[in-house]
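Here the structure is laid out as structure tokens; the discussion comes afterwards.
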Amino acid sequence: MVRLETRRLVVRQGRVADVASVTRYVRENRDFLAQWEPVRHEAWFTEDYWRMRLAQDVRDYFQDRSLRLFLFPRQSPGEVAGVANFTNVIRGSFQACHLGYALAARHVGQGLMTEALRAALDFVFREMRLHRVMAAHLPENERSAAVLRRLGFQREGLARDYLLIGGRWRDHVLNSKLAPDWRPDPEEAFLASRCGEAVSPERP
4 MVRLETRRLV
14 VRQGRVADVA
24 SVTRYVRENR
34 DFLAQWEPVR
44 HEAWFTEDYW
54 RMRLAQDVRD
64 YFQDRSLRLF
74 LFPRQSPGEV
84 AGVANFTNVI
94 RGSFQACHLG
104 YALAARHVGQ
114 GLMTEALRAA
124 LDFVFREMRL
134 HRVMAAHLPE
144 NERSAAVLRR
154 LGFQREGLAR
164 DYLLIGGRWR
174 DHVLNSKLAP
184 DWRPDPEEAF
194 LASRCGEAVS
204 PERP
């Protein structure tokens, strides 16, 4: 399983043993995160849901679909401080994914997300060999914009009615970061060439 360590955090995939901690995080931050997230079904706030979800997250990683990580403070290892999710992984001639992240209200303003994402992005570019990571934020979310700027993301435009947030379609600012020294995975490059993907760069 993926486990990354920074000065103040352990950033890793969730385990069954984390169900109670993850459930406590989503319950305690329900109102705070609602302004940035889709409307959540009541099941989202139950241990039964997260017991199923954490197991699925591991399968999705090994099937090269996504990498979902939780932030655990070193000084409080049983507490979930936030999440960093790399989802919608597309290979072929695209080699990209989407990034979504959230932090518990009590940890906002401490630089923890920047610290966690710096390590996570290094893993995604170096180990998963992705070329592009895309991230979007609401125009008024200045904290999120600042995190992305510190990490070297570039603004690419504004997408109208991009995501359904809080029950209504909202515009989002689009950003991306490219791998600084991307190299193809030799095995995947071979398989892609056998399937005809390597000669069709216009098709993601």
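According to the numbering used here, the sequence shown is numbered sequentially starting from 4. Note that beta-carbon positions come from the ideal geometry of N, C-alpha and C, so glycine has one too.
Residue i, enclosing beta strand (DSSP E) - first and last residue
i, result
"Ala105", "99 to 106"
"Thr26", "No beta strand (DSSP E) contains Thr26, which is instead part of the alpha helix (DSSP H) from 22 to 31."
"Leu7", "6 to 8"
"Arg15", "12 to 15"
Classification of residue i by the beta-carbon crowding that lies within 10 angstroms, buried from 16 upward
i, result
"Ala139", "buried"
"Arg23", "Sequence inspection shows Ala at residue 23; the Arg mentioned does not correspond to that position. Exposed, since its Cβ has fewer than 16 Cβ neighbours within 10 Å."
"Leu167", "exposed"
"Val202", "Below a pLDDT of 50, predicted positions are generally treated as unreliable, and Val202, at 37, falls in that range; the measurement from the model is reported next regardless. The residue in question, Val202, is exposed, as its Cβ has fewer than 16 Cβ neighbours within 10 Å."
"Asn91", "exposed"
"Asp188", "exposed"
"Phe89", "buried"
"Phe65", "exposed"
"Asp60", "buried"
"Met131", "buried"
"Asp21", "buried"
"Val176", "buried"
"Gln38", "exposed"
Bridge partners - residue i, DSSP secondary structure assignment
i, result
"Gly160", "Leu177"
"Ala138", "Leu102, Asn178"
"Trp172", "Leu167"
Other residues of its chain near residue i: CB distance less than 7 angstroms, five sequence neighbours each side excluded
i, result
"Trp47", "Val29"
"Pro204", "Low confidence applies here, because Pro204 scores a pLDDT of 41, under 50, leaving its location unreliable and the question unanswered by this model."
"Ala108", "Asn32, Phe35"
"Arg68", "Val92"
Bounding residues of the alpha helix (DSSP H) (the contiguous stretch that carries residue i)
i, result
"Glu145", "145 to 153"
"Arg121", "115 to 129"
Neighbourhood of residue i by C-beta, 8 angstroms cutoff - its chain only, sequence neighbours within 5 removed
i, result
"Ser14", "For clarity, residue 14 is Val in the given sequence; the question names Ser instead. Closer than 8 angstroms at Cβ, skipping near neighbours: Arg6, Leu7, Glu8, Leu72, Phe73, Leu74, Phe75, Ala87, Ala119, Ala122, Ala123."
"Arg79", "The sequence given here places Ser at residue 79; Arg does not occur at that position. Cβ within range, chain order: n/a, list empty."
"Val83", "Asp21, Ser24, Val25, Arg27, Tyr28, Phe73, Leu74, Phe75, Ala107"
6 angstroms Cβ shell around residue i - same chain, five flanking residues per side excluded
i, result
"Met4", "Gln16"
"Phe128", "Ala182"
"Val42", "Gly170"
"Glu180", "Residue 180 is actually Lys in this sequence, not Glu. These residues qualify, in order along the chain: Val136, Gly155, Phe156."
"Val150", "Met116, Thr117"
"Tyr52", "Ala46"
"Leu102", "Phe89, Val136, Ala138"
"Ala162", "His175, Leu177"
Those runs of the beta strand (DSSP E) which lie wholly inside the region 47 to 110 and span at least 3 residues: Whole beta strand (DSSP E) segments, 3+ residues: 70 to 76, 85 to 93, 99 to 106.
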